[in-house]
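Accompanying notes for the structure given below.
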Amino acid sequence: MSKSFNNVSKKNYNLREPSFGFLISLICILWSVFQLWIASDFPFYLSEKTNLNLVFNSQEARQIHLAFGLSLGLLAYPVINKINPIVDKSSQILLAILGASACLYLYIFKLDISDRAGLPTNLDIFFSIVGIICVGIAVYRSLGLPLLLVASLFLFYVMFGHLDFFPESMKWKGASLNKATWHFWMQTEGVFGVALGVSTSMIFLFVLFGALLEKAGAGNYFIKLSFCALGHLKGGPAKAAVVASGLSGIYSGSSIANVVTTGTFTIPLMKKTGFTPEKAGAIEVASSTNGQLTPPVMGAAAFLISEFTNVSYFELIKYAALPALASYIALFYIVHLEVTKLGLKGLNKEPSSSSFLRKFTGFIFGFLFIFILATAINFLFSWTTKFNPLITSSIAILFFLGAYIFCIWIASKKPDLTVGLSDEEIKKLPNVKLIADTGYHYVLPIIVLLWCVLISRLSPSLSAYWASLSIIFVIVTQKPLKAFFRGQIIEVSLVKKGIFDLIDGLKKGAQNMITISIATGIAGIIIGTVSLTGAHQFIGEFVESVSSGNLIIMLLLVAFMSLILGMGLPTTANYIVVSSLMAPVIVMVGAQNGLLVPLVAVHLFVFYFGILADDTPPVGLAAFAAAAISKGDPIRTGIQGFSYDIRTAILPFMFIFNTDILLINVNFFEGLIVIITTILAMLAFCSAIQNYIVVKNKLYETIFLIIISFSLFRPDFWLDKYQVPFFEMPGSKIYELLNEEKNIFILDQKQSIRVEFHGPDFDNPDKTISQNSIITLNNASSIEKILENAGLYLIRENEDVIMEEPLPGSPLFQEMKTFDFYSDKPVILKKVFISNNDRISKEIFYLPSLFLLLLVYLNQHKRKKIMRVKNEKK
């Protein structure tokens, strides 16, 4: 989000008349309750018991979701400034009613609308126009002018794309008012499309979970824990900021909100230890923008990426994990280098009575205990699920309750945490265990979320639902239970405080969703324009023409586009716009350059650069937020923050060319090697851009470090110079790879075949496009079997091999959707590439790179030793 609800000025929201503020709060609470309702099983259970229809389908839920978001957006943000307050308030209420009515009109008259599909009445057109206008006003007030301008340009093109001032390549027939309004409002191709559907079913619950977790006290707990654990190190507050922002990123979806929450504590402390205001702000900005890369939420875009790429949420988390981990470790390392160069110290720490060996042994045994316990619980759940799933749910609840009560009992033995660090705590940091013991129960809901997603493989929405229920239980009961274990009287005020905290959390979650719901709604207009007009075709052709078909240049252009749009658009909307237009083009150009780029890698590429816009001058909103806290210059803060984030900017380029970094199709041992080398590559790159390891780099050392980093990221680059990865032959030769008479493969079973198809474009049959795919042999026993397994249905026709349309559900069905299989021109298998299994392993290039890295380090260490001796002589 480019602006969170908290960025609404006090004059616009907090200081409204009580009646108006109460109305907004009530709608927020109702919205959160509605979202929890549709995520649960209660509607189905109650519908069965009462014979009432209490279940909302996906389309109905989207309509009600946007009705809430629109009404809140139009109420909470002023429409007109410096005007008569009565007129101002009346206009806002009127717009809120109109916006909600336009959404609910679709719900109330759904049966009539379905009966006249494609034939809108005057009332349909009226409510469609009113709805689109209200969405536009809400976007302008809550998200600013840039996103409204982008959406307006797309709408203008839909209506007037036939006019002569458009270039011939851009022209299309244009849409009538009836067609446009129906497309954008009355069905699921426009405003109520996929983006809003993801916001309704998944994003809201995760944002609500984060708000509830923050309200429970988890945010303050993680910040204080990070400081107590790391504050005593050199530049400890800066390192604590990195860790605290990473922990906040687990449940937070906004870099600006992250800056405001963690930066309030971290930035002043960084300044106290010797950082300049700009560097203190920049470290917090870099930490917070990286928080959006952290699974499972990933700035609310994770669910959109999963939906658009048809990749399961679990797989997406796996793909995004290593880049996020490497980026955070690298930022921690950059902070360490900055601290070393400045000669800064950490905060004083209360001495520990435990030796390092005892701490390390305790950590190992604790880890093993948790691992064994988790394995046993997983085995128990798997066993009970086979017999009775209800028993599994009951056992899971009992385990949670037992763990929760135990954690609360531990917390009750310690004093409650204060908000932030007091002056005494800054002078002498408290013992880590003392802080850790006060908040183990905050970790339990996060464990519930991760367990449901990663172990039980529940849907993201159901996982967030159970996690939200667990944190709701924590909020309501933690204070009374602590009082009970402390032997105190459980006063009614404690129960009331828990209920009020819950209400505030529900309200805060809905507030944080206002801009997201509106942004995903307006993004539907952009996606709808692409589906209606095929606008991505000419934009793709233009970018392809400018880049001359060079993949590197195209990626640079897309990165630049993401950064520019990200200055005015929220991360989610920016991702939707750029990925809708450019993702298919990058995949196609990559194939033309002989590189098979997975669609998910392209979407992550776009997402990364959309995030980096938050600290990119001159607009970077996160940099302005940090500068407001640090009292530094916002432009210099942004420039410094972006210099720290260069390490993040190179990652997308690397995983486009080396998908191993995303852990795609790698086994355990390969993955372990990739994790180690990726982290080392990032550290080498950071040392190069910081011009420092243990002393200042020589020029040749910086050059070596860049080469080392590149070689560890892309070892196959050097190998491709000497050995080709594939042998090429015409498509008609595919049958010669197999001995048809004996049904014996001439190929090694470990080899793979890459096939390249040429055929008419689905959106423009006069245009010929190409598509590459990988086929693995998988121990198939016949020609028919290998083709069938891949979803390939080929027909020989003279010298050509023609492909039939793959069946739905087959491996190639999604990949081949860009072809028009019913055109006069056939889809032809043009080329076949056979993998070269005689190539040496690319990992061999890790060895000289690591050896050179060791030499650079030893050389600097030797130089530092000499410098120390010289200083001692002086």
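Per our numbering, the sequence shown runs over residues 188 to 1061. Note that beta-carbon positions come from the ideal geometry of N, C-alpha and C, so glycine has one too.
Next item on the list: Excluding the 5 residues preceding and the 5 following A788 in the sequence, name in chain order all residues of the same chain whose CB lies nearer than 7 Å to its CB.
Entry: The residue given as residue 788 occupies position 601 in the sequence shown. Closer than 7 Å at Cβ, skipping near neighbours: F842, I843, T846, L849.
Notebook entry, point to check: Between I622 and L604, what straight-line distance do the alpha-carbon atoms span, to the nearest angstrom?
Noted result: Taking the sequence shown and counting its residues from 1, the one referred to as residue 622 is at position 435. Taking the sequence shown and counting its residues from 1, the one referred to as residue 604 is at position 417. About 8 Å.
Check: Given a threshold of 16 other Cβ atoms within 10 Å of its Cβ, counted over all protein chains shown, does V606 qualify as buried or as exposed?
Finding: Working through the sequence shown from its first residue, we reach residue 606 at position 419. That one is exposed.
Checklist line | Which listed residue (F1020, F343, A338, S817) has its alpha carbon closest to that of L364 | finding: The residue you call residue 364 lines up with position 177 of the sequence shown. Minimum Cα distance to L364 is reached at F343.
Checklist line | Three-state secondary structure (DSSP) of E1030 | finding: Looking up residue 1030 in the sequence shown gives position 843. In this structure, E1030 counts as helix in the three-state DSSP scheme.
Check: What is the residue span of the beta strand (DSSP E) that R983 lies within?
Finding: As a first step, residue 983 is located in the sequence shown; it is residue number 796 there, counting from the start. Where R983 is concerned, the enclosing beta strand (DSSP E) stretches over 981–984.
Notebook entry, point to check: Apart from the five residues just before and just after L656, which ones in its own chain have a Cβ nearer than 7 Å to its Cβ?
Noted result: Translated into positions along the sequence shown, residue 656 becomes position 469. Apart from sequence neighbours up to five positions away, no residue of its chain approaches L656 with a beta-carbon distance below 7 Å.
Check: If you run the structure through DSSP and keep just helix, strand and coil, what is R901?
Finding: Working through the sequence shown from its first residue, we reach residue 901 at position 714. Three-state DSSP puts R901 in coil, outside helix and strand.
Next item on the list: Assuming L399 and I613 form a contact by the criterion Cβ under 8 Å, report the distance between their Cβ atoms to the nearest whole angstrom.
Entry: Along the sequence shown, read from residue 1 onward, the residue named residue 399 stands at position 212. Along the sequence shown, read from residue 1 onward, the residue named residue 613 stands at position 426. About 29 Å separates the two Cβ atoms, so there is no contact after all.
Note to self: On the criterion of 16 or more Cβ atoms from any shown chain inside 10 Å, does H523 qualify as buried, or is it exposed?
What the structure shows: Here residue 523 refers to the residue found at position 336 when the sequence shown is read from its first residue. Under this definition H523 is a buried residue.
Next item on the list: Kindly indicate which residue of S817, I816, G825 has the alpha-carbon position closest to the one of G807.
Entry: Against the sequence shown, residue 807 aligns to sequence position 620. Answer by Cα proximity: G825.
Item checked: Close beta carbons around E928, own chain, < 8 Å, minus the five adjacent residues each side -> Start at 1 with the first residue of the sequence shown, and residue 928 comes out as number 741. A caution first: E928 carries a pLDDT of 48, below 50, which makes its placement in the model unreliable, though a value can still be read off. Excluding positions up to five away in sequence, the list is empty.
Checklist line | Cβ contact check for the region 985–998 and the region 1010–1025: 3 or more pairs under 8 Å | finding: Touching, yes, given that three or more Cβ pairs across the two stretches are closer than 8 Å.
Item checked: Buried versus exposed, by CB contacts within 10 Å (16 or more), K360 -> Within the sequence shown, residue 360 is the residue found at index 173, counting from 1. Exposed.
Checklist line | Proximity below 8 Å, CB of N565 to CB of I634 | finding: Position 378 of the sequence shown, counted from the first residue, corresponds to residue 565. Position 447 of the sequence shown, counted from the first residue, corresponds to residue 634. Their beta carbons are not under 8 Å apart, which means N565 does not touch I634 by this criterion.
Next item on the list: Report the three-state DSSP secondary structure of T463 (helix, strand or coil).
Entry: Residue 463 sits at position 276 when you count from the first residue of the sequence shown. Residue state, collapsed to three classes: coil.
Notebook entry, point to check: Residues bridged to P917 by DSSP?
Noted result: Within the sequence shown, numbered from 1, the residue matching residue 917 stands at position 730. DSSP lists K1018 as partners of P917.
Notebook entry, point to check: Out of curiosity, what's the CA-to-CA distance linking G828 and G797?
Noted result: One-based indexing of the sequence shown puts residue 828 at position 641. One-based indexing of the sequence shown puts residue 797 at position 610. Spanning the two alpha carbons is a distance of roughly 15 Å.
Check: What are the partner residues of G946, as DSSP defines its beta bridges?
Finding: Taking the sequence shown and counting its residues from 1, one reaches residue 946 at position 759. For G946, which the question treats as bridged, DSSP gives the partners I956.
Notebook entry, point to check: Taking the continuous alpha helix (DSSP H) assigned at V682, which residues delimit it?
Noted result: Here residue 682 refers to the residue found at position 495 of the sequence shown. In this chain, the alpha helix (DSSP H) harbouring V682 covers 679–720.
Note to self: In the DSSP output, which residue or residues are listed as bridge partners for R941?
What the structure shows: Looking up residue 941 in the sequence shown gives position 754. Beta-bridge pairing links R941 to I961, F1020.
Next item on the list: Assign L544 to one of two classes, buried (16 or more other C-beta atoms within 10 Å of its C-beta) or exposed (fewer than that).
Entry: Looking up residue 544 in the sequence shown gives position 357. Classification of L544: exposed, given that the 10 Å Cβ count is below 16.
Next item on the list: Compute the Euclidean distance between the alpha carbons of F586 and S648, then round it to the nearest angstrom.
Entry: Here residue 586 refers to the residue found at position 399 of the sequence shown. Here residue 648 refers to the residue found at position 461 of the sequence shown. Roughly 22 Å separates the two Cα atoms.
Check: Based on Cα-Cα distance, which residue from K536, P307, T716 lies nearest to L420?
Finding: Residue numbering aside, residue 420 sits at position 233 when the sequence shown is read from its first letter. With distances taken between CA atoms, L420 lies nearest to K536 out of K536, P307, T716.
Next item on the list: Kindly indicate which three-state DSSP category V784 falls into: helix, strand or coil?
Entry: Stepping through the sequence shown from its first residue, residue 784 is reached at position 597. If DSSP states are grouped into helix, strand and coil, V784 belongs with coil.
Item checked: Proximity below 8 Å, CB of V446 to CB of A710 -> Walking along the sequence shown from the start, residue 446 turns up at place 259. Walking along the sequence shown from the start, residue 710 turns up at place 523. No; because the gap between Cβ atoms is not below 8 Å, this pair is not in contact.
Next item on the list: Ignoring anything shorter than 4 residues or poking outside the region 740–805, list the alpha helix (DSSP H) runs there in chain order.
Entry: You should have 758–779, 786–799.
Checklist line | Three-state secondary structure (DSSP) of K532 | finding: For the purposes of this step, residue 532 is identified with residue 345 of the sequence shown, where counting begins at 1. Residue state, collapsed to three classes: coil.
Next item on the list: Mind listing, in chain order, the continuous alpha helix (DSSP H) runs of no fewer than 4 residues lying wholly within the region 618–642?
Entry: Taking only runs of at least 4 residues, the alpha helix (DSSP H) segments lying wholly in the region 618–642 are 619–624, 627–637.
Next item on the list: Throw me the rounded Cβ distance for the L332 and G323 pair, which I believe falls under 8 Å.
Entry: Residue numbering aside, residue 332 sits at position 145 when the sequence shown is read from its first letter. Residue numbering aside, residue 323 sits at position 136 when the sequence shown is read from its first letter. No, L332 and G323 are not in contact; Cβ-Cβ is about 11 Å, not under 8 Å.
Notebook entry, point to check: So I714 and V381 are in contact, right, with Cβ under 8 Å, and what is the actual spacing, rounded?
Noted result: As a first step, residue 714 is located in the sequence shown; it is residue number 527 there, counting from the start. As a first step, residue 381 is located in the sequence shown; it is residue number 194 there, counting from the start. Going by Cβ atoms, the distance from I714 to V381 rounds to 7 Å, so yes, they are a contact pair.
Note to self: For the structure I just gave you, are there three or more beta carbon pairs, one from the region 206–223 and one from the region 686–703, closer than 8 Å?
What the structure shows: Output reads yes: the region 686–703 touches the region 206–223.
Note to self: Please state whether the Cβ-Cβ distance between G260 and R328 is less than 8 Å.
What the structure shows: Walking along the sequence shown from the start, residue 260 turns up at place 73. Walking along the sequence shown from the start, residue 328 turns up at place 141. Their beta carbons are under 8 Å apart, which means G260 touches R328 by this criterion.
Checklist line | Selection from E471, E465, A467 that minimises the alpha carbon distance to S435 | finding: For the purposes of this step, residue 435 is taken as the residue at position 248 of the sequence shown. Residue E471 is the option with its Cα nearest to S435.
Next item on the list: Mind checking which residues open and close the beta strand (DSSP E) that includes I1100?
Entry: A query on residue 1100 cannot be resolved here, the shown segment of the chain reaching from 188 to 1061 and no further.
Checklist line | Nearest-angstrom Cα separation, counted from V1019 out to I921 | finding: Counted from its first residue, the sequence shown places residue 921 at position 734. Counted from its first residue, the sequence shown places residue 1019 at position 832. For the pair I921 and V1019, the Cα-to-Cα distance works out to about 7 Å.
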